[in-house]
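One structure is given here, and the rest of the page talks about it.
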Amino acid sequence: MTFADALTRSPIPFEPGRGADVAALFPDLPPELREVIAGAAGCSPYLAGLMERDRDWLAGALAGDPQAALAAEIARIDALPPEGLGIGLRQAKRRISALTGLADLGGVWDLEQVTGALTRLADHAVGRAIRTGVEEEIRRGRLPGATPADAETAGGMVVLAMGKMGAGELNYSSDIDLICLYDETRYDPADRVEARTAFVRVTRKMAGLLSEHTSEGYVFRTDLRLRPDASVTPVCISMASAELYYEAEGRTWERAAYIKARPCGGDIAAGDRFLRTLTPFVWRRHLDFAAIQDAHDMRLRIRDHKGLNGPLEIPGHNIKLGQGGIREIEFFTQTRQLIAGGRDPDLRGRATVPALGSLAQKGWVPEMVAEELTDHYRAHREVEHRVQMVNDAQTHLLPTTPEGLDRIARMMGEADTARWIRTLRDRLERVEELTGDFFAPNESCGRPELSDAAETLVEGWRSYPALRSERARAIFHRIEPEILRRLQRAANDEEALLRFDGFLQGLPAGVQLFSLFESNPQLIDLIVDICATAPGLAAYLSRNAGVLDAVLGGSFFAPWPGAGALAEGLEAALAIEPDYERRLDAARRWAKEWKFRVGVHHLRGLVDAAESARQYADIASVAVAGLWPGVVAEFAAKHGPQPGRGAAVVAMGSLGAERLNAASDLDLIVIYDAQGAEASEGPKPLPTRPYFARLTQALITAITAPMPEGRLYEVDMRLRPSGRQGPVATSLDSFRAYQMEEAWTWEHLALTRARPIAGDMGLREDIEAARLAVLAAKGGGARVMPDLAEMRARIFAAKAPDGIWEAKIGPGRLQDLELLAQSFALRLALPARRVEAQLRAGPRGGFVTREETEVLASAYRFLWRLQAGGRLLTDRPLDMEVIGEGGRAFLLREAGEETLDALRAHLDRTTVAVAEIVERALGQGAGQA
Numbered sequence: 001m002t003f004a005d006a007l008t009r010s011p012i013p014f015e016p017g018r019g020a021d022v023a024a025l026f027p028d029l030p031p032e033l034r035e036v037i038a039g040a041a042g043c044s045p046y047l048a049g050l051m052e053r054d055r056d057w058l059a060g061a062l063a064g065d066p067q068a069a070l071a072a073e074i075a076r077i078d079a080l081p082p083e084g085l086g087i088g089l090r091q092a093k094r095r096i097s098a099l100t101g102l103a104d105l106g107g108v109w110d111l112e113q114v115t116g117a118l119t120r121l122a123d124h125a126v127g128r129a130i131r132t133g134v135e136e137e138i139r140r141g142r143l144p145g146a147t148p149a150d151a152e153t154a155g156g157m158v159v160l161a162m163g164k165m166g167a168g169e170l171n172y173s174s175d176i177d178l179i180c181l182y183d184e185t186r187y188d189p190a191d192r193v194e195a196r197t198a199f200v201r202v203t204r205k206m207a208g209l210l211s212e213h214t215s216e217g218y219v220f221r222t223d224l225r226l227r228p229d230a231s232v233t234p235v236c237i238s239m240a241s242a243e244l245y246y247e248a249e250g251r252t253w254e255r256a257a258y259i260k261a262r263p264c265g266g267d268i269a270a271g272d273r274f275l276r277t278l279t280p281f282v283w284r285r286h287l288d289f290a291a292i293q294d295a296h297d298m299r300l301r302i303r304d305h306k307g308l309n310g311p312l313e314i315p316g317h318n319i320k321l322g323q324g325g326i327r328e329i330e331f332f333t334q335t336r337q338l339i340a341g342g343r344d345p346d347l348r349g350r351a352t353v354p355a356l357g358s359l360a361q362k363g364w365v366p367e368m369v370a371e372e373l374t375d376h377y378r379a380h381r382e383v384e385h386r387v388q389m390v391n392d393a394q395t396h397l398l399p400t401t402p403e404g405l406d407r408i409a410r411m412m413g414e415a416d417t418a419r420w421i422r423t424l425r426d427r428l429e430r431v432e433e434l435t436g437d438f439f440a441p442n443e444s445c446g447r448p449e450l451s452d453a454a455e456t457l458v459e460g461w462r463s464y465p466a467l468r469s470e471r472a473r474a475i476f477h478r479i480e481p482e483i484l485r486r487l488q489r490a491a492n493d494e495e496a497l498l499r500f501d502g503f504l505q506g507l508p509a510g511v512q513l514f515s516l517f518e519s520n521p522q523l524i525d526l527i528v529d530i531c532a533t534a535p536g537l538a539a540y541l542s543r544n545a546g547v548l549d550a551v552l553g554g555s556f557f558a559p560w561p562g563a564g565a566l567a568e569g570l571e572a573a574l575a576i577e578p579d580y581e582r583r584l585d586a587a588r589r590w591a592k593e594w595k596f597r598v599g600v601h602h603l604r605g606l607v608d609a610a611e612s613a614r615q616y617a618d619i620a621s622v623a624v625a626g627l628w629p630g631v632v633a634e635f636a637a638k639h640g641p642q643p644g645r646g647a648a649v650v651a652m653g654s655l656g657a658e659r660l661n662a663a664s665d666l667d668l669i670v671i672y673d674a675q676g677a678e679a680s681e682g683p684k685p686l687p688t689r690p691y692f693a694r695l696t697q698a699l700i701t702a703i704t705a706p707m708p709e710g711r712l713y714e715v716d717m718r719l720r721p722s723g724r725q726g727p728v729a730t731s732l733d734s735f736r737a738y739q740m741e742e743a744w745t746w747e748h749l750a751l752t753r754a755r756p757i758a759g760d761m762g763l764r765e766d767i768e769a770a771r772l773a774v775l776a777a778k779g780g781g782a783r784v785m786p787d788l789a790e791m792r793a794r795i796f797a798a799k800a801p802d803g804i805w806e807a808k809i810g811p812g813r814l815q816d817l818e819l820l821a822q823s824f825a826l827r828l829a830l831p832a833r834r835v836e837a838q839l840r841a842g843p844r845g846g847f848v849t850r851e852e853t854e855v856l857a858s859a860y861r862f863l864w865r866l867q868a869g870g871r872l873l874t875d876r877p878l879d880m881e882v883i884g885e886g887g888r889a890f891l892l893r894e895a896g897e898e899t900l901d902a903l904r905a906h907l908d909r910t911t912v913a914v915a916e917i918v919e920r921a922l923g924q925g926a927g928q929a
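In terms of the UniProt record's numbering, the sequence shown is residues 1 to 929.
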């Protein structure tokens with residue numbers, strides 16, 4: 001079908017003179033087609049310029065089948081010589097932009113064909129740029145071991161299209177979001193740094209080739225910032241590094257981003273394999289209702305940031321981010337995908353409209369709602385395209401002037417601007433209504449019926465400090481029915497009500513908090529969830545109601561800020577306190593608020609068990625490092641400055657491995673270097689050894705002493721040289737000598753997790769060097785595996801699993817896995833401290849197969865989820881009856897199971913499989929020894 005035959009509409013020229021001039025350049029085209037050209041040129045200076053510049057090519061393209069013209073231009077891109085790539089791609093961008101714009105305005109192509117054409121152009125431009133860059137690297141001998149044939153798969157490099165490009169939904173003036181990776185397994189370990197350097201060059205050249213503005217124009221604005229930890233990583237990283245990042249640190253927004261991820265250039269097969277490895281990260285097996293909260297919070301943050309919370313006005317309205325806009329429909333769709341896509345692969349589509357259809361088909365969205373939102377989405381995208389077509393501007397703002405709105409209405413083929421505005425307003429309001437109903441809870445339906453005992457308890461609330469003011473009582477009266485109704489759903493509603501009573505009684509005031517509940521109803525769920533689901537956390541909250549101040553701060557549900565921001569916050573909190581004891585108390589208050597935040601995020605599913613573990617470790621590391629200078633200064637005021645380079649605090653065990661749970665204590669040791677000094681110099685000088693021993697005791701006291709805000713942490717120092725019999729602080733020389741000459745294998749295993757966290761940086765570096773030297777010297781010893789087998793047997797003989805739900809102690813459980821991982825790190829002298837990284841090193845040493853490693857890694861994730869979830873719910877051995885229905889549901893969600901029987905079977909299968917692998921590895925290791 002020719003272009004003219006497919007016409008279904010035509011824009012109205014806003015500037016008739018310009019439109020007529022451009023239409024006159026195409027005298028041989030049919031009148032109805034020249035009418036579309038006149039309308040397009042008369043509304044869009046940008047399109048007018050494109051048609052004037054490429055009129056010969058465009059005349060031929062418009063005379064025939066537009067899809068054939070598009071295909072021919074795409075084929076021309078693939079055949080461009082390297083020296084003509086820059087000019088050729090820019091020419092293709094101009095031509096396809098003009099063709100697509102006219103096909104859109106004339107109704108020749110629907111939305112999917114329009115965005116698909118733009119995406120095809122981007123795919124081929126990126127793929128051609130990458131292939132050309134890799135060819136050059138191979139030709140110059142800068143990609144180790146690569147031959148010219150490897151250029152076809154870009155030497156193992158792949159570009160992932162993210163966002164709208166990944167979904168095939170590029171808008172008219174989109175930039176393109178890309179993540180560049182390479183398959184490190186194609187290169188020998190010794191060559192990987194050189195290969196990465198080459199791929200970084202290729203990536204930078206690709207971005208420059210596409211983004212640079214020249215006299216020929218530009219191809220696409222290119223954004224590489226969606227890659228893992230973009231502020232510190234190179235623009236192209238290995239797939240293994242990316243996988244480790246997402247496994248250990250990936251955030252919720254990155255999960256959502258990968259819904260649309262798609263390999264678009266380079267080694268497509270490698271890209272597909274990488275995306276398959278991320279399936280457990282993106283698509284949780286449980287019904288992930290926490291995604292609703294994420295999307296709602298993100299909507300609110302975007303509106304607040306962009307100032308989009310005012311009344312809906314069409315002039316200047318943001319058609320993408322504003323009320324009832326495109327993003328509302330995308331959030332609505334993606335949130336449901338995240339909720340259910342883990343269990344149903346049919347719901348994992350990248351594109352919005354097909355995803356809405358799938359959700360309707362599977363019953364997650366009413367069919368009529370899906371159809372209506374699809375219609376509004378297509379209409380909104382057409383408005384977005386026309387706003388951008390005017391001057392090729394990457395904008396989503398409707399014009400603010402009457403003339404500007406007239407121009408857009410004419411591009412839409414509407415002569416009556418007021419009618420067009422009314423229609424658009426109706427669409428925006430309807431989208432807001434449909435999507436807002438999902439994110440906002442329904443109005444309460446009256447107070448539920450209560451038992452006599454519950455009624456008496458609730459009546460007593462009026463005497464609490466939080467409800468003394470008339471305003472507080474009025475606000476609470478509106479939210480009380482929903483609180484009570486949700487509390488009644490708990491497995492033990494009386495117990496949940498009592499926990500909520502304790503929380504309410506401890507509040508000093510209520511107006512701000514109750515107002516926050518009313519405007520953010522999800523926080524009602526937060527408090528009820530804690531009371532109904534997590535007995536341990538509810539008891540903690542009743543004792544520490546002050547942590548709710550953090551919720552009022554407005555960033556409680558924001559993404560994790562990282563250790564650097566935590567350190568700045570703690571430093572600021574300590575700086576305002578007037579004395580040492582108040583600073584110790586301030587540190588406790590600071591840590592409680594952050595630990596409460598992590599617990600809530602874990603409970604609500606905003607972070608998983610692995611993320612919460614790293615966050616708990618960040619809090620502990622920052623707390624110890626933040627207190628250390630104050631402890632040193634307080635001690636030095638009596639006994640003088642630290643001799644020599646002073647002491648460093650070393651995190652051991654789970655803190656060293658950055659894997660804590662809600663109830664973890666801290667394993668620490670202290671190592672000092674007096675540099676020959678025999679004593680301190682101060683008002684009350686001390687010999688070096690007693691000085692550092694007493695300084696260490698001062699640190700322990702600062703962390704463990706009970707104060708008005710409680711304890712900071714419990715501390716265990718049994719991992720120091722010679723254990724309980726050894727001094728609490730050890731000199732660096734003694735530490736080296738002991739580890740090399742006297743230490744047992746278990747002490748060498750403990751070193752695989754040692755991580756200096758406070759003290760002189762030079763000393764910390766020397767401690768790390770000593771650690772690695774010990775691992776290198778002792779890891780090949782004949783006694784490593786026999787000692788490990790003996791130690792394992794002693795541990796299991798001394799302590800049996802604590803109930804049927806034990807995830808930590810016992811064969812095939814966490815401690816078993818961690819010991820095996822530490823043995824890998826020791827035998828390979830591996831710097832890595834985290835369990836996952838240590839486990840993945842097993843195949844490198846031939847200790848386990850890759851298949852066994854995957855079993856171990858999967859088991860570790862499962863067991864940690866059960867352990868961390870259990871420790872969040874209770875500080876006692878896990879009892880499924882005691883934790884109640886809410887607690888059981890939380891653990892099932894964490895483990896990805898439907899029933900307790902399934903969870904028990906999963907646990908049994910896992911521990912048996914892990915124990916068998918561990919015993920094989922131990923037997924193999926003993927045989928090798």
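Beta carbons: idealized from backbone N, C-alpha and C, even for Gly.
For Thr-222, which beta-bridge partners are listed by DSSP? Stepping through the sequence shown from its first residue, residue 222 is reached at position 222. The partner list for Thr-222 (beta bridge, DSSP) reads Ile-176.
At a cut of 8 Å, does the segment 818-837 reach the segment 867-884 through at least three beta carbon pairs? no
Which of the three DSSP states is assigned to Asp-665 in this structure? Counted from its first residue, the sequence shown places residue 665 at position 665. Reduced to three states, the DSSP call for Asp-665 is coil.
Which first and last residues belong to the beta strand (DSSP E) in which Ile-314 is found? Position 314 of the sequence shown, counted from the first residue, corresponds to residue 314. Looking at the DSSP string, Ile-314 is not in any beta strand (DSSP E), and its letter there is neither H nor E.
Would you call the CB atoms of Pro-643 and Thr-688 closer than 8 Å? Mapped onto the sequence shown, residue 643 falls at position 643. Mapped onto the sequence shown, residue 688 falls at position 688. At the C-beta level, Pro-643 and Thr-688 come within 8 Å of one another.
Within the segment 852-922, note down every full alpha helix (DSSP H) run reaching 4 residues or more, in order along the chain. 884-895
Taking 8 Å as the threshold, find out whether the segment 387-407 comes into contact with the segment 116-134 through three or more Cβ pairs. no
Which term fits residue 992, buried or exposed, when burial requires 16 or more other beta carbons within 10 angstroms of its beta carbon? No answer is possible for residue 992: the residues shown for the chain start at 1 and end at 929.
In three-state terms, what does DSSP make of Ser-654? Within the sequence shown, residue 654 is the residue found at index 654, counting from 1. Reduced to three states, the DSSP call for Ser-654 is helix.
Run of the beta strand (DSSP E) containing Ala-7, from where it starts to where it stops: Position 7 of the sequence shown holds residue 7. At residue 7 the sequence reads Leu, which differs from the Ala that was named. Segment: none, Leu-7 is in no beta strand (DSSP E) and carries neither H nor E.
Name the DSSP beta bridge partners of Thr-730, please? Here residue 730 refers to the residue found at position 730 when the sequence shown is read from its first residue. DSSP output for Thr-730 lists Ile-671 as bridge partner(s).
Let's test the definition: count the other Cβ atoms within 10 Å of the Cβ of Thr-899 and tell me whether it reaches 16, buried, or not, exposed. In the sequence shown, residue 899 corresponds to position 899, counting from 1. If you draw a 10 Å sphere on the C-beta of Thr-899, you find fewer than 16 other C-beta atoms in it, and that means exposed.
Which residues in the same chain have their Cβ closer than 6 Å to the Cβ of Gly-88, if we skip the five residues on either side of it in sequence? Locating residue 88 in the sequence shown gives position 88, counting from the first residue. Closer than 6 Å at the Cβ level, and outside the excluded window around Gly-88, lie Leu-80.
Is there contact between the segment 235-242 and the segment 196-214, where contact requires at least three CB pairs shorter than 8 Å? Verdict: yes, contact present.
Could you check whether Leu-50 and Arg-90 sit closer than 8 Å to each other, using their CB atoms as the reference points? What you label residue 90 is simply residue 90 of the sequence shown in a count that begins at 1. What you label residue 50 is simply residue 50 of the sequence shown in a count that begins at 1. Cβ atoms of Arg-90 and Leu-50: not closer than 8 Å.
Output the distance between the C-alpha atoms of Glu-330 and Thr-185, rounded to the nearest integer angstrom. Within the sequence shown, numbered from 1, the residue matching residue 330 stands at position 330. Within the sequence shown, numbered from 1, the residue matching residue 185 stands at position 185. Taking the straight line joining both Cα atoms gives about 36 Å.
Which residues does DSSP list as the beta-bridge partners of Asp-716? In the sequence shown, counting from the first residue as 1, residue 716 sits at position 716. Asp-716 pairs with Asp-667.
Opposite Tyr-616 in the DSSP bridges: which residues? Counted from its first residue, the sequence shown places residue 616 at position 616. According to DSSP, Tyr-616 bridges with nothing at all.
DSSP three-state call for Ile-237: helix, strand or coil? By 1-based counting over the sequence shown, the position of residue 237 is 237. Strand at Ile-237.
Straight-line gap, Leu-907 to Gly-896 (C-alpha atoms, nearest Å): For the purposes of this step, residue 907 is taken as residue 907 along the sequence shown, with counting starting at 1. For the purposes of this step, residue 896 is taken as residue 896 along the sequence shown, with counting starting at 1. Between the alpha carbons of Leu-907 and Gly-896 lies a gap of roughly 12 Å.
For a test of the three-state rule: what should DSSP assign to Pro-687, helix, strand or coil? Start at 1 with the first residue of the sequence shown, and residue 687 comes out as number 687. Assigned with DSSP and collapsed to three states, Pro-687 falls in strand.
Taking the alpha helix (DSSP H) that Ile-87 belongs to, which residues open and close that run? Indexing the sequence shown from 1 puts residue 87 at position 87. Start and end: 85-105.
Per DSSP, what are the beta-bridge partners of Ala-648 in this structure? The sequence position of residue 648 within the sequence shown is 648, counting from 1. Beta-bridge pairing links Ala-648 to Ile-671 and Gly-759.
Who are the near neighbours of Val-36 in its chain, counting only those whose CB is closer than 8 Å to its CB and skipping five residues on each side? As a working mapping, residue 36 is identified with position 36 in the sequence shown. Closer than 8 Å at the Cβ level, and outside the excluded window around Val-36, lie Leu-7, Ser-10, Pro-11, Leu-102, Leu-105 and Gly-106.
Under three-state DSSP, which class holds Arg-140? For this step, residue 140 is matched to residue 140 along the sequence shown. Residue state, collapsed to three classes: coil.
For the candidate residues Phe-3, Pro-559 and Gly-156, whose alpha-carbon lies nearest to that of Glu-32? The residue labelled residue 32 in the question sits at position 32 within the sequence shown. Checking every option, the nearest Cα to that of Glu-32 belongs to Phe-3.
Rounded to a whole number of angstroms, what is the C-alpha to C-alpha distance between Thr-335 and Glu-83? On the sequence shown, residue 335 is found 335 positions in, with the first residue counted as 1. On the sequence shown, residue 83 is found 83 positions in, with the first residue counted as 1. Rounded to the nearest angstrom, the two C-alpha atoms are 45 Å apart.
Within 10 angstroms of the Cβ of Met-1, are there 16 or more other Cβ atoms? Answer buried if so, exposed if not. For the purposes of this step, residue 1 is taken as residue 1 along the sequence shown, with counting starting at 1. Exposed, by the Cβ-count rule.
Cβ-based burial, Leu-627 [other Cβ within 10 Å; buried from 16]: Stepping through the sequence shown from its first residue, residue 627 is reached at position 627. Buried, since its Cβ has 16 or more Cβ neighbours within 10 Å.
Start and end of the beta strand (DSSP E) containing Val-835? The residue given as residue 835 occupies position 835 in the sequence shown. Not the beta strand (DSSP E): Val-835 falls in the alpha helix (DSSP H), residues 835-840.
Measuring straight from C-alpha to C-alpha, what distance separates Ala-565 and Asp-618? Numbered from its first residue, the sequence shown carries residue 565 at position 565. Numbered from its first residue, the sequence shown carries residue 618 at position 618. Distance between the alpha carbons of Ala-565 and Asp-618 is about 10 Å.
Assuming Gly-810 and Pro-801 form a contact by the criterion Cβ under 8 Å, report the distance between their Cβ atoms to the nearest whole angstrom. Within the sequence shown, numbered from 1, the residue matching residue 810 stands at position 810. Within the sequence shown, numbered from 1, the residue matching residue 801 stands at position 801. Yes, Gly-810 and Pro-801 are in contact; Cβ-Cβ is about 4 Å, under 8 Å.
Name the two residues that bound the continuous alpha helix (DSSP H) containing Val-23. Locating residue 23 in the sequence shown gives position 23, counting from the first residue. The residue you asked about is not Val; residue 23 is Ala in the sequence shown. Going by DSSP, Ala-23 is part of the alpha helix (DSSP H) stretching over 16-23.
Continuous alpha helix (DSSP H) stretch holding Val-600: start and end: Locating residue 600 in the sequence shown gives position 600, where the first residue counts as 1. Residues 580-604.
Reference Ala-921, options Thr-853, Asp-901 and Phe-476, closest by Cα: Residue 921 sits at position 921 when you count from the first residue of the sequence shown. Nearest C-alpha to Ala-921: Thr-853.
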